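**Student:** Have a look at this one before I ask anything.
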Amino acid sequence: MNTEVRPMVKQVRAERTRQALIAAAAIEFDRHGYAGTSLSAVHRACGMTMGALTFHFRAKADLASAVCQEAETITRGALTRLAPVGALLPVVEFTLVVARLLDEEVTVRAAARLTQERAVPSPWHTVWRAVLRDLVDRAPEPSGPGCGPRPAELELLAVYLTAGAEAALREGRTGKEVLAQLECLWALVLVPGPPLGGQECSAGAPLREPS
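Under my numbering, the residue at position 209 of the sequence shown is numbered 204, and the numbers go up by one with no gaps.
Below, the structure is given as structure tokens:
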């Protein structure tokens, strides 16, 4: 093998090993939290030796930080596709995107738990809060009474709904259930007055901006 190729091959293998360890650690942190996860459990789950693990991560805190950094990258990438226009609907979509990430991405779910436990310094919440603030700052003030929440109220509502979605998923609700509940709650906010059709808000309630 060409001597110039060997270092590149080793580098690729090392990165694959590192990513595999992060993925295995995310599953363990998500299931058991920081205190309930050990390096030995991670390397066994990954099918690698302890030496391979400690080569990349000297301590559990380093591994947890890597999981959080991966989650921040995933979250930032998903939220950059939200258009920061002056309307309520991007904020609605924001909560749905974060809920989907928490449901579908174990790394994001693990980072949320690690952040909540304050196991390691992590700006995961800061990542999505910054996007939310930008969306809210561009939302227009309501034009009259009963026309919807003001920007500061909208931000607070989105934060609480996002936190509630995280808690519901942690308690075992399915992603489909949580997304339906978010849509239902947003429908109550976006469509002032009595419940749609005179009935209780349903999971299929449409998301419409107030006219």
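Virtual Cβ for every residue (Gly too), placed ideally from N, Cα, C.
Note that the structure is predicted; figures quoted are calculated from it, not measured.
Below 8 Å on the Cβ atoms is my guess for residue 173 versus residue 98; work out the distance and round it to an integer in Å.
**Tutor:** Taking the sequence shown and counting its residues from 1, one reaches residue 173 at position 178. Taking the sequence shown and counting its residues from 1, one reaches residue 98 at position 103. About 7 Å separates the two Cβ atoms, so the contact holds.
**Student:** Counting pairs of beta carbons, one from the stretch 59 to 76 and one from the stretch 120 to 129, are three or more of them closer than 8 Å?
**Tutor:** Enough Cβ pairs lie closer than 8 Å, so yes.
**Student:** Going by DSSP in three states, residue 162 sits in which element: helix, strand or coil?
**Tutor:** Taking the first residue of the sequence shown as position 1, residue 162 is located at position 167. Residue 162: helix per DSSP, three-state reduction.
**Student:** Using three-state DSSP, classify residue 31 as helix, strand or coil.
**Tutor:** Here residue 31 refers to the residue found at position 36 of the sequence shown. It is coil, neither helix nor strand.
**Student:** Any idea what DSSP makes of residue 146, helix, strand or coil?
**Tutor:** Position 151 of the sequence shown, counting from 1, holds the residue named residue 146. Reduced to three states, the DSSP call for residue 146 is helix.
**Student:** In its own chain, which residues sit with a C-beta less than 7 Å from the C-beta of residue 108, not counting the 5 before and 5 after it?
**Tutor:** Along the sequence shown, read from residue 1 onward, the residue named residue 108 stands at position 113. Cβ within range, chain order: 24, 25 and 28.
**Student:** By the 10 Å Cβ neighbour count, where 16 or more other Cβ atoms means buried, how is residue 161 classified, buried or exposed?
**Tutor:** By one-based count along the sequence shown, residue 161 stands at place 166. Label assigned to residue 161: buried.
**Student:** For residue 70, count neighbouring Cβ atoms within 10 angstroms of its own Cβ and tell me buried if that reaches 16, exposed if not.
**Tutor:** For the purposes of this step, residue 70 is identified with residue 75 of the sequence shown, where counting begins at 1. Classification for residue 70: buried.
**Student:** Which residue wins for smallest C-alpha separation from residue 68, given the options 103, 110, 50 and 168?
**Tutor:** Here residue 68 is taken as the residue at index 73 of the sequence shown, counted from 1. The shortest C-alpha separation from residue 68 is found at 103.
**Student:** Identify which residue in 168, 5 and 146 has its Cα closest to the Cα of residue 95.
**Tutor:** Position 100 of the sequence shown, counted from the first residue, corresponds to residue 95. Ranking the options by Cα distance to residue 95, first place goes to 168.
**Student:** For the alpha helix (DSSP H) that residue 167 lies in, which residues bound it at each end?
**Tutor:** Within the sequence shown, residue 167 is the residue found at index 172, counting from 1. Residue 167 -> no alpha helix (DSSP H), and no H or E assigned at all.
**Student:** Whose CA, out of 115, 116 and 89, lies closest to the CA of residue 158?
**Tutor:** Counting from 1 along the sequence shown, the entry for residue 158 is found at position 163. When only C-alpha atoms are compared, the closest one is 89.
**Student:** Quick one: Cα of residue 106 to Cα of residue 9, how far?
**Tutor:** As a first step, residue 106 must be located in the sequence shown, where it is residue number 111. As a first step, residue 9 must be located in the sequence shown, where it is residue number 14. Taking the straight line joining both Cα atoms gives about 23 Å.
**Student:** For a test of the three-state rule: what should DSSP assign to residue 133, helix, strand or coil?
**Tutor:** Walking along the sequence shown from the start, residue 133 turns up at place 138. Looking at residue 133 - three-state DSSP - the assignment turns out to be coil, as it is neither helix nor strand.
**Student:** Going by beta carbon distance, what residues of the same chain come within less than 7 Å of residue 48, once the five residues before and after it are set aside?
**Tutor:** Start at 1 with the first residue of the sequence shown, and residue 48 comes out as number 53. Within the same chain, residue 48 has close Cβ partners 16, 34, 37 and 38.
**Student:** Please classify residue 130 as buried or exposed, where buried requires at least 16 other C-beta atoms within 10 Å of its C-beta.
**Tutor:** As a position in the sequence shown, residue 130 is number 135, starting the count at 1. Residue 130 comes out buried.
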